[in-house]
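Its first residue numbered 1, the sequence shown is counted upward by one per residue in my numbering.
Built from N, CA and C at the ideal position, the CB exists for glycine as well.
Remember, it's a predicted structure, so these values are computed and weren't measured experimentally.
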Amino acid sequence: MRLALGLLLVATSLSAQQVGFAPSAAVREDSIERALIASPDTQSARVWTKALSRVPHMAGTPEQAVTRDYVLNLMKSWGLETWFTTYDVFLPQPDTSGLWLIPTAGAAPQPLSLVEPPVAGDSTSRGPQVLAFNGTAASGNVTGDVVYVGFGLIEDYKTLDSLGISVKGRIVIARYGRSYRGIKAREAERHGALGLILYSDPTEDGYVRGDVYPKGPMRPWGGYQRGSVLNPDGDPTTPGYASLPGARRVPFDSLDVPHIPVIPIGYGNAEKILSLLSGPSVPQSWQGGLPFRYHAGPGPAQVHLVLRVEQGARAMHPIWDTFGMIRGTTYPDQWIVMGAHRDAWGPGADDNITGTTTVLATARAFAELAKRGIRPARTIIFATWDAEEWGDVGSTEWVEQMADSLQLRAVAYINEDAMATGTNFGGAGSPSLKPLIRASTRIVPALSGPGTLYDSWLAAHRGDTTGLDIGNMGGGSDFAGFYHHLGIPAGEIGFGGPGGVYHSMYDNYEWMTAFGDPQYRAHRTAAQLDAVIISRLANAAVAPFDYAAFGTEMRDLVSELDTGIARKGWAVSTESVKAALDRFIASARAFAAARDSGLAGSLSTGKAGAVTRALMQVERRLTRPQGLTYAGTWFKSLQFASDVDNGYATLAFPTVAEAIRYGDAAVTTREIQDLASRIDAARSALEDARAALR
Ligand SMILES: [Zn+2]
């Protein structure tokens with residue numbers, strides 16, 4: 001009975017799922033995936049979470065050496081080859097931070113508490129906490145009238161201009177949301193503000209959204225969101241190359257970092273400041289959830305803001321990336337890399353001990369198989385990154401150090417970041433990996449109840465398969481070095497929910513166990529799904545990319561460029577890009593058909609390896625050495641970039657999209673031609689892959 005059922009499942013997976021495998025290899029892969037799925041458990045996730053999120057473990061602190069050793073010791077005990085890398089990077093730790101409210105000029109300053117208050121029943125919240133500061137903000141000791149700038153976006157400063165309000169020489173307060181905080185700091189500084197206060201409005205993740213912690217999962221009055229205000233990726237003292245001993249360093253006074261102090265506060269303190277502002281009533285979209293009408297100011301309330309952070313050489317600290325490796329048997333020089341950042345602004349049970357424990361559970365699943373003599377065909381590297389929170393620093397430094405090896409060898413990168421704040425399944429990735437991610441959900445059990453993860457995902461969308469969307473990758477995590485900088489296909493999956501404690505002291509074991517993932521089932525399921533995705537990437541004879549799906553999705557996205565061009569009223573055509581993508585899709589379909597008949601025949605290991613090597617060139621050719629024009633040379637991918645005016649949002653075809661936004665019709669035409677010719681170059685890699693099958 002069991003055997004019959006097994007064969008039935010094998011038949012299904014063969015026809016629709018296991019892309020890139022020879023039919024004769026499907027039974028073996030099926031049994032490998034079953035063994036991998038059986039390995040992750042909820043109890044280990046709970047134990048590791050408790051141990052790794054006991055205290056805040058900010059990058060650059062001794063606590064990060066403790067998490068480094070914890071992860072390395074576990075991986076070593078399971079039999080992986082382990083090592084770690086060290087980089088000395090710019091991480092100015094806070095010495096003091098303080099904020100005083102001056103109700104009107106000349107009144108006595110009232111200190112505002114910048115401590116996140118302990119919560120009943122949450123022993124972690126009574127422990128040590130990181131001072132209120134934003135990473136890489138400057139030291140400052142400033143006093144001034146307060147101006148409320150909404151979300152602090154470029155267009156919000158235009159609105160202030162139209163109201164006749166200048167922020168020059170004043171201190172601005174901006175809401176979190178709608179953009180990365182580094183963009184808010186950049187704009188505040190550009191407009192001449194003396195300092196910036198960032199606060200979490202209750203409409204964002206506070207009581208407007210639900211009960212606040214500890215009654216519910218949402219942000220309480222005194223909870224606040226720390227976080228970096230660095231805009232470039234990686235250590236700013238070594239832009240584009242690794243922070244190794246002896247590396248040439250940008251002088252401290254020339255770093256691409258903010259030059260004003262920036263601190264975060266909760267909405268309890270924000271209420272005290274905002275309620276004292278007069279001036280014009282704000283646009284409706286700036287009105288938040290506090291119980292009064294918001295005004296822009298300036299004043300009459302003033303604040304006195306003090307932030308002291310480490311200066312010069314004192315601000316340089318070592319960070320540690322950890323690695324565990326299982327060497328491949330057939331294609332040891334083709335690497336699958338999985339990674340998650342290990343640092344946090346607080347205890348970080350969700351952000352990002354969830355990712356760290358998922359890497360651990362996935363690594364253990366493969367290690368258990370290896371002990372039984374079942375090793376992957378390709379090499380798998382399991383990494384935990386340091387200093388992601390400061391600007392993807394640990395992963396970026398490693399990618400920059402290893403760029404040549406990764407260009408030659410990395411097949412794909414799977415990232416995990418803050419992946420258990422609820423039960424809503426979601427993912428993001430290169431369009432070439434989306435069919436693999438989707439197919440893998442069909443064999444992983446649902447979080448709870450009967451059926452597969454796919455079944456529950458579909459049920460959450462009321463059976464509408466068009467709702468099973470996998471997003472594209474913008475800014476904000478460790479995939480950036482692999483995907484945006486080197487053009488290596490990348491993906492990530494996870495489970496979302498209301499959140500509410502992001503980058504605060506309350507993102508801890510008690511919160512996770514009460515609200516985020518009380519049964520630790522999301523932890524288990526994420527590791528199971530990652531294990532299946534990685535197994536297919538590591539074991540398929542031909543790497544399971546879907547370039548027909550890739551071309552089709554990119555072809556649809558050209559309409560975004562058309563919309564932008566139409567808005568400008570330019571006579572600029574994207575036909576050459578569309579035609580190049582049509583050719584690309586035709587080549588991808590021809591390749592897929594040839595691959596499947598090759599696999600059904602007798603494709604040799606040598607040929608299959610060469611096919612994968614050719615496929616690895618497709619997305620690398622959709623990068624260009626000089627990078628983007630406006631978002632900076634570090635971003636080299638022509639597929640997607642993070643929006644330079646938002647920081648988190650995704651921009652498709654960034655070289656062209658940027659030209660439409662900041663350039664003119666001639667620049668745009670030039671970029672369209674460049675893109676079309678590079679799509680043709682990527683297509684020729686597909687033709688190389690097809691030729692390698694013969
Ligand atoms: Zn994170």
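- Using a Cβ distance threshold of 8 Å, leucine 447 and threonine 525 count as a contacting pair.
- Here the distance from the Cβ of asparagine 424 to the nearest heavy atom of ligand 1 is not below 7 Å.
- In this structure, tyrosine 213 keeps its C-beta atom at 8 Å or more from the C-beta atom of tyrosine 267.
- One thing to note: aspartate 321 has its Cβ no nearer than 8 Å to the Cβ of phenylalanine 479.
- Every residue with a CB closer than 5 Å to a heavy atom of ligand 1 is listed here in chain order: Asp351, Asn352, Asp417 and Ala418.
- For methionine 505, no beta strand (DSSP E) encloses it, and the DSSP letter there is neither H nor E.
- Between alanine 540 and aspartate 211, the alpha-carbon positions lie close to 47 Å from each other.
- The residue from Ile260, Thr136 and Tyr224 with its alpha-carbon nearest to that of arginine 190 is Ile260.
- When the Cα atoms are used, leucine 486 and glycine 474 turn out to be separated by approximately 15 Å.
- In the displayed model, valine 66 falls within a helix according to three-state DSSP.
- Following the DSSP letters along the chain, one finds alanine 641 in no alpha helix (DSSP H) but inside the beta strand (DSSP E) bounded by residues 640–642.
- For tryptophan 385, the beta-bridge partners assigned by DSSP are His341.
- Residue nearest to tryptophan 390 within the set Gly422, Ile381 and Asp343 is Asp343 (criterion: CA-CA distance).
- Collapsing the DSSP output to three states places asparagine 415 in a strand.
- Taking 8 Å as the cut-off, the beta carbon of proline 94 is found closer than this to the beta carbon of phenylalanine 133.
- Residue environment analysis places aspartate 582 among the exposed positions, since fewer than 16 neighbouring C-beta atoms fall within 10 angstroms of its C-beta.
- Annotated as proximal: valine 257 and proline 236, with beta-carbon spacing under 8 Å.
- Rounded to whole angstroms, the gap between the alpha carbons of alanine 460 and isoleucine 470 is 14 Å.
- Under the criterion of beta carbons closer than 8 Å, valine 19 and aspartate 546 qualify as touching, at roughly 7 Å.
- Contact between the segment 300–313 and the segment 98–118 is present: three or more C-beta pairs spanning the two stretches fall below 8 Å.
- One alpha carbon belongs to serine 504, the other to isoleucine 374, and they sit about 42 Å apart.
- The segment 66–76 makes no contact with the segment 548–562; the number of CB pairs closer than 8 Å stays below 3.
- Within the segment 526–570, complete alpha helix (DSSP H) segments of at least 4 residues are found at 547–568, given in chain order.
- Of the other Cβ atoms in all chains shown, fewer than 16 fall within 10 Å of the Cβ of aspartate 161; this residue is therefore exposed.
- DSSP places phenylalanine 366 in the uninterrupted alpha helix (DSSP H) bounded by 353–371.
- Contact check for tyrosine 148 against leucine 277 passes: the beta carbons are separated by less than 8 Å.
- Collapsing the DSSP output to three states places valine 142 in a strand.
- Take alanine 108, set aside five residues on each side of it, and the residues of its chain with a beta-carbon closer than 8 Å to its own are Ile102, in chain order.
- Comparing alpha-carbon positions, the option among Ser24, Ala25 and Arg34 lying closest to glutamine 528 turns out to be Arg34.
- If you look at isoleucine 154, you'll find it in the alpha helix (DSSP H) that goes 154–162.
- Going by DSSP, glutamine 302 is part of no alpha helix (DSSP H) but of the beta strand (DSSP E) stretching over 302–309.
- Alanine 543 has its alpha-carbon roughly 18 Å from the corresponding atom of isoleucine 585.
- When secondary structure is reduced to three states using DSSP, histidine 485 falls in the helix class.
- If you check the CB distance, alanine 377 and alanine 538 come in under 8 Å.
- With fewer than 16 other CB atoms across the displayed protein chains lying within 10 angstroms of its CB, glutamate 81 is exposed.
- Taking C-beta atoms as the reference points, serine 243 and valine 89 count as a pair closer than 8 Å.
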